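Numbering (our numbering), first residue to last: 967 to 1064.
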Amino acid sequence: MMGENYKCRDDVFFHAEKISKIYPGTKALDEVSFDLLKGKVNVLIGENGAGKSTLMKMIAGIEQPSEGTMYIEEHEVYFKNTTEARKCGIGIIHQELS
Ligand SMILES: Nc1ncnc2c1ncn2[C@@H]1O[C@H](COP(=O)(O)OP(=O)(O)OP(=O)(O)O)[C@@H](O)[C@H]1O
Ligand SMILES: [Mg+2]
């Protein structure tokens, strides 16, 4: 099912719709929506602790969202692990080796 605000645009490869991530004691992401455009270098900017790494972990299948939906093209996707994300062409290089 499409998110109610999601418009399936031809130039959008990946769409995250209202992603939230709750860790014990912290809401790291609060209804974040995010597009990755085809054929572009896409950049995510935010202050320390804003939740950039957390969002990348959701997209790469390292962790799973508490709420929200992710789409590739018009298809809803859910990555249980990095292997499933990799099957969709998504990999990650970490900021820190830890
Ligand atoms: N495993 C975790 N358990 C609890 N809280 C966490 C966990 N990972 C991240 N957080 C918290 O979630 C928030 C977002 O952290 P995140 O690392 O995603 O931010 P960031 O934008 O990548 O920051 P930076 O610019 O420092 O890399 C922070 O408040 C952080 O303390
Ligand atoms: Mg980070």
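Don't be surprised by glycine CBs; every beta carbon is placed ideally from N, CA and C. Treat the numbers as computed from the prediction; the structure is a model and nothing was measured.
Whole-angstrom C-beta distance between residue j and residue i, which should lie under 8 Å
i        : j        : result
Phe-979  : Lys-1004 : 5 Å
Ile-1028 : Thr-1049 : Wrong, their Cβ atoms sit about 11 Å apart, outside the cutoff.
8 Å CB neighbourhood of residue i in its chain, flanking five on each side removed
i        : result
Leu-1010 : Phe-1000, Lys-1018, Leu-1021 and Met-1022
Val-998  : Ala-982, Lys-984, Ile-985, Ser-986, Gly-1017, Leu-1021 and Gly-1034
Local Cβ density within 10 Å of residue i, reported as buried at 16 or more and exposed below that
i        : result
Tyr-1037 : buried
Gln-1061 : exposed
Lys-987  : buried
Gly-985  : One point to set straight first is that residue 985 is Ile, not Gly, in the sequence displayed. The residue in question, Ile-985, is buried, as its Cβ has 16 or more Cβ neighbours within 10 Å.
Leu-1063 : exposed
Helix, strand or coil at residue i [DSSP, three-state]
i        : result
Ser-1032 : coil
Ala-994  : strand
Ala-982  : strand
Lys-1053 : helix
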